[in-house]
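Taking it in order: structure first as structure tokens, then the write-up.
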């Protein structure tokens with residue numbers, strides 16, 4: 383792992399050194415995903431995120447069986463998971479994912495996921 387130093391300009395822009403852009407195959411016009419990863423920490427994720435067109439958020443009350451069934455359902459609807467994270471909170475698990483899928487499948491996918499025991503909340507959103 384290497385560390386690079388850069389500055390934020392008066393308009394809030396950050397310049398990324400060319401070496402970093404080359405390492406991660408970042409090109410002009412690429413969109414970036416910015417996520418906070420704790421106190422005063424920022425993660426910038428390029429490249430794969432440009433293919434994501436759907437956001438999936440699920441709250442599991444029974445993560446072990448609910449997650450397995452949800453993954454089978456996502457696979458059955460040809461949803462490619464590009465990035466995901468999960469966090470535990472008061473006995474439930476919150477799972478968020480950026481997904482590439484055919485938007486014509488969202489309604490069917492939503493109905494199938496809502497039937498899974500162990501899922502307490504669900505939100506599927508088209509990304510633009």
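Numbering (the numbering used here), first residue to last: 383 to 510.
Every residue gets a Cβ at the ideal spot worked out from N, C-alpha and C, and that includes glycine.
Note that this is a predicted model, so its numbers are computed, not measured.
Exercise for the section: Would you be able to state if there are at least three C-beta pairs under 8 Å between the stretch 435-450 and the stretch 467-482? Expected result: Verdict: yes, contact present.
Practice task
Count the C-beta pairs between the stretch 489-497 and the stretch 453-466 that are closer than 8 Å, then say yes if the count reaches three, no if not.
Solution key: Between the stretch 489-497 and the stretch 453-466, the count of C-beta pairs closer than 8 Å reaches three or more; the two stretches touch.
Exercise for the section: Under 8 Å Cβ to Cβ from residue 496, same chain only, skipping five residues before and after it: list those, please. Expected result: In the chain shown, counting from the first residue as 1, residue 496 sits at position 114. Closer than 8 Å at Cβ, skipping near neighbours: 504.
Practice task
Locate the alpha helix (DSSP H) running through residue 457, then write down its first and last residues.
Solution key: Translated into the one-based positions of the chain shown, residue 457 becomes position 75. In this chain, the alpha helix (DSSP H) harbouring residue 457 covers 445-458.
Handout entry: CA nearest to the CA of residue 415, picked from 483, 466, 470 and 484
Key = Your numbering for residue 415 matches position 33 in the chain shown. Of 483, 466, 470 and 484, the residue nearest in Cα terms is 466.
Practice task
Could you tell me which residues DSSP puts in a beta bridge with residue 478?
Solution key: Working through the chain shown from its first residue, we reach residue 478 at position 96. Beta-bridge annotation (DSSP): residue 478 is paired with 439 and 467.
Problem - Beta-bridge partners of residue 425, as assigned by DSSP - result: The residue you call residue 425 lines up with position 43 of the chain shown. Residue pairing by DSSP places residue 425 opposite 417 in a beta bridge.
Handout entry: Status (buried if at least 16 other CB within 10 Å, exposed otherwise) for residue 390
Key = Start at 1 with the first residue of the chain shown, and residue 390 comes out as number 8. Classification for residue 390: exposed.
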